[in-house]
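Below is one structure, written out as structure tokens; the observations come after it.
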Amino acid sequence: MLTYSDLESTIIEDLTLAWNSCWQGYAYETQYSEAQMKAWLEKCQIDLSQSVALKKSDRIIGFSLLALENKLGWIAGTCINPEFRGQHLFEPLLKYQLKKADSLILKGIQLEVLTQNHAIKVYEKIGFRKTRELYVYRHTKDALSAFAPRSRGGSVFREAILSDYFHARNESGFTPPWQRREEYLQRYPSLIARLNPEGTAGVLMTKEGQVLLDAWTMAWEQVDKLVSAILTMTQGDFRLTNQPKDCLTGYLSQHGLEADDIQYEMRYS
-7 MLTYSDLEST
3 IIEDLTLAWN
13 SCWQGYAYET
23 QYSEAQMKAW
33 LEKCQIDLSQ
43 SVALKKSDRI
53 IGFSLLALEN
63 KLGWIAGTCI
73 NPEFRGQHLF
83 EPLLKYQLKK
93 ADSLILKGIQ
103 LEVLTQNHAI
113 KVYEKIGFRK
123 TRELYVYRHT
133 KDALSAFAPR
143 SRGGSVFREA
153 ILSDYFHARN
163 ESGFTPPWQR
173 REEYLQRYPS
183 LIARLNPEGT
193 AGVLMTKEGQ
203 VLLDAWTMAW
213 EQVDKLVSAI
223 LTMTQGDFRL
233 TNQPKDCLTG
243 YLSQHGLEAD
253 DIQYEMRYS
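Here it is as structure tokens:
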């Protein structure tokens, strides 16, 4: 018999096992240790009391995770164990999650989904609407050998305090996706922010590991220097997730650097 329940009382060991099992076969198979799972839940602000498990007996065979922040919701993952796919379980699981979220009176619920994922049809069927495309770049130093921005302006980007960084980003008019909202990024334990002198372009990275988390500018004349700064700070790599279509993506495409994947940002309200 299949049953639904919330995940509030689920121990981290069982949740990690369910996560690693259910994501098998997806384009990006994310596998977590228990410590990584716990850290990810905290960073995303997943509310397990409002998230849903689909169970067969006591085994979690599917789940939907709901993050909550400022009266907005984010579906951080909805999936079914490979053994049970093709049995029309995904749609009722997601409907159950949305019904559970109704009592929270949210302003809206968002999610991101790869454009080639067939789940898009289900999302649209139950009321999600595409809001924009988000680009995923995963280019290594070796793959970028033929990519050469005209200027080398990385040195003009100076370290900034985080409050100044996010203020400048807000003033620029940049609208971040969920995983690049200020509240989300501030939860990383160690960050370094850099701004150009005009405060019209910025880069945010982890201090350890030099992972690029955020890059933005709304000024076309600053893109060349922004890209140069990124390549300097990442030692030649360009890996950036969920970049909205803007002058940065336009510049990259113009110079032959296309996204590895594209996601739809979708919203339910």
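Take -7 as the starting number for the sequence shown in the numbering used here and just add one per residue. Positions of the beta carbon are idealized from the N, C-alpha and C atoms, including for glycine.
Where residue i falls: helix, strand or coil (DSSP)
{"i": "His110", "result": "coil"}
{"i": "Met210", "result": "coil"}
{"i": "Phe139", "result": "coil"}
{"i": "Glu5", "result": "helix"}
{"i": "Asp253", "result": "strand"}
{"i": "Asp156", "result": "helix"}
{"i": "Glu190", "result": "coil"}
{"i": "Gln23", "result": "coil"}
{"i": "Asp229", "result": "coil"}
{"i": "Ser41", "result": "coil"}
{"i": "Asn162", "result": "helix"}
{"i": "Val105", "result": "strand"}
{"i": "Tyr115", "result": "helix"}
{"i": "Val148", "result": "helix"}
{"i": "Gln202", "result": "coil"}
With 16 other Cβ atoms within 10 Å as the buried cut-off, status of residue i
{"i": "Leu96", "result": "exposed"}
{"i": "Glu190", "result": "exposed"}
{"i": "Lys99", "result": "exposed"}
{"i": "Gly248", "result": "exposed"}
{"i": "Glu257", "result": "buried"}
{"i": "Ile67", "result": "buried"}
{"i": "Lys217", "result": "buried"}
{"i": "Arg172", "result": "buried"}
{"i": "Pro169", "result": "buried"}
{"i": "Thr22", "result": "exposed"}
{"i": "Met303", "result": "The first residue shown for the chain is -7 and the last is 261, placing residue 303 beyond what the model contains."}
{"i": "Gly54", "result": "buried"}
{"i": "Ala19", "result": "exposed"}
{"i": "Ile3", "result": "exposed"}
{"i": "Thr241", "result": "buried"}
{"i": "Asp39", "result": "buried"}
{"i": "Thr209", "result": "buried"}
{"i": "Gln227", "result": "exposed"}
{"i": "Arg179", "result": "exposed"}
{"i": "Gly69", "result": "buried"}
Cα-Cα separation between residue i and residue j, rounded to whole angstroms
{"i": "Cys239", "j": "Val215", "result": "7 Å"}
{"i": "Thr167", "j": "Arg124", "result": "11 Å"}
{"i": "Ala27", "j": "Glu5", "result": "10 Å"}
{"i": "Lys35", "j": "Met29", "result": "10 Å"}
{"i": "His80", "j": "Glu116", "result": "16 Å"}
{"i": "Arg186", "j": "Lys87", "result": "42 Å"}
{"i": "Leu204", "j": "Gln235", "result": "12 Å"}
{"i": "Leu46", "j": "Lys91", "result": "14 Å"}
{"i": "Ile153", "j": "Ala211", "result": "22 Å"}
{"i": "Ala135", "j": "Asn73", "result": "35 Å"}
{"i": "Asp156", "j": "Ile184", "result": "12 Å"}
{"i": "Val114", "j": "Asn188", "result": "43 Å"}
{"i": "His131", "j": "Asp206", "result": "15 Å"}
{"i": "Asp(-2)", "j": "Cys71", "result": "15 Å"}
{"i": "Leu7", "j": "Ala251", "result": "32 Å"}
{"i": "Asn268", "j": "Asn12", "result": "Any property of residue 268 remains undetermined from this structure, which presents the chain solely from -7 to 261."}
{"i": "Tyr24", "j": "Pro84", "result": "26 Å"}
{"i": "Tyr(-4)", "j": "Glu75", "result": "18 Å"}
{"i": "Lys133", "j": "Ser41", "result": "43 Å"}
{"i": "Leu33", "j": "Glu174", "result": "17 Å"}
{"i": "Leu64", "j": "Gln102", "result": "8 Å"}
Start-to-end residues for the alpha helix (DSSP H) that takes in residue i
{"i": "Glu34", "result": "Glu26 to Cys36"}
{"i": "Trp15", "result": "No alpha helix (DSSP H) holds Trp15; DSSP gives it neither H nor E."}
{"i": "Gly242", "result": "Cys239 to Gln246"}
{"i": "Met225", "result": "Val215 to Met225"}
Continuous beta strand (DSSP E) stretch holding residue i: start and end
{"i": "Leu177", "result": "Premise fails: Leu177 lies in the alpha helix (DSSP H), Glu174 to Leu177, not in any beta strand (DSSP E)."}
{"i": "Ala55", "result": "The sequence shown places Phe at residue 55, not Ala. Per DSSP, Phe55 belongs to the beta strand (DSSP E) from Arg51 to Glu61."}
{"i": "Ile72", "result": "Leu64 to Ile72"}
{"i": "Leu126", "result": "Arg121 to His131"}
{"i": "Leu(-6)", "result": "Leu(-6) to Asp(-2)"}
Residue-level contact to chain B via CB, residue i, 8 Å cutoff
{"i": "Gln227", "result": "Here there is only one protein chain, and chain B is not present."}
Could you name each continuous alpha helix (DSSP H) segment of 4 residues or more that falls completely within the stretch 76 to 101, going from the start of the chain to the end?
-> 82 to 94
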